[in-house]
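If you read the sequence shown in the UniProt record's numbering, its first letter stands for residue 1, the second for the next number, and so on.
Where a beta carbon is used, it is the ideal one built from N, C-alpha and C, also for glycine.
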Amino acid sequence: MQTAEDVLGYWLDEVNEADWYRQDDAIDATIRERFLSTWQRAADGHLGLWLTCPSETLAYIILTDQFPRNMFRASGEAFSTDALALAAAKMAIDRDWDLRIDAPGRQFFYLPLMHSENLADQDRAVRLFHTRMPDAGAANLDHARAHRAIIRSFGRFPYRNDALDRPTTAAEASFLRDGGYGAMLRQVMAANA
């Protein structure tokens, strides 16, 4: 089993920031190989001790929010530990633990909120990026606003429907056909330029 330090060392030091949000089969395979069993332990409820300090909580959030998106890309399992990550993030933010982690790592406390299909979580993500990471650039805030706009429009992320075996509505199909997330991001960026 990997440690919290192993998770942070890999994600924050070994992986380039530019690779955090793009599809890369080699990174996906490395994460599966190195961290799948540790992720499974978290999914089974065995890593509660990681939730006792800021840095280990950050590692737990990365393990349960980011890594499954890489390990299980395009599958419903990619979102299977989102609730664990969201609960850990909310606890950490309420304790101001996020403020004890420098950018760019701090953003990972806010991503479970941005990944949530709950509008209140989306509003909080936008607020946190705006107030607690103002110097990190507009990109994070624009992405948070785009996620919120999609939840405002549909109440869920339509691009997850296939992976979660959910039916797609006509409005969602039109959104996906017309550029989906990328189109929404461009609208948000234009509106806030």
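Please classify residue i: is it buried, with 16 or more other beta-carbons within 10 angstroms of its beta-carbon, or exposed?
{"i": "ASP135", "result": "exposed"}
{"i": "PRO68", "result": "buried"}
{"i": "PRO167", "result": "exposed"}
{"i": "residue 194", "result": "Here the chain comprises residues numbered 1 to 193, so residue 194 is not present and cannot be evaluated."}
{"i": "HIS115", "result": "buried"}
{"i": "LEU8", "result": "buried"}
{"i": "GLN23", "result": "exposed"}
{"i": "ALA18", "result": "exposed"}
With a Cβ-Cβ cutoff of 8 angstroms, do residue i and residue j count as a contact?
{"i": "LEU86", "j": "LEU113", "result": "yes"}
{"i": "TRP39", "j": "MET71", "result": "yes"}
{"i": "LEU185", "j": "HIS143", "result": "yes"}
{"i": "PHE109", "j": "LEU63", "result": "no"}
{"i": "MET1", "j": "ARG32", "result": "no"}
{"i": "ILE27", "j": "SER55", "result": "no"}
{"i": "GLY76", "j": "ALA163", "result": "yes"}
{"i": "ARG132", "j": "LEU99", "result": "yes"}
{"i": "ALA103", "j": "ILE61", "result": "no"}
Under the assumption that residue i contacts residue j (Cβ atoms under 8 angstroms), give the Cβ distance between them as a whole number of angstroms.
{"i": "ASN140", "j": "PHE154", "result": "The Cβ separation is near 22 angstroms, so there is no contact."}
{"i": "ARG152", "j": "PHE79", "result": "Not really, about 20 angstroms apart at Cβ, beyond 8 angstroms."}
{"i": "GLY105", "j": "LEU47", "result": "Actually they are not in contact, since the Cβ atoms of GLY105 and LEU47 sit about 19 angstroms apart, beyond 8 angstroms."}
Hey, which unbroken runs of the alpha helix (DSSP H) at 4 residues or more fall wholly within the stretch 103-162? Counting whole runs of 4 or more residues, the stretch 103-162 contains the alpha helix (DSSP H) stretches 107-115, 119-132, 138-154.
Quick one: any contact between the stretch 121-130 and the stretch 144-159, if contact means 3 or more CB pairs under 8 angstroms? Taking 8 angstroms as the limit for Cβ pairs, the verdict is that the stretch 144-159 does touch the stretch 121-130.
At a cut of 8 angstroms, does the stretch 91-100 reach the stretch 114-121 through at least three beta carbon pairs? Not touching, per the Cβ criterion.
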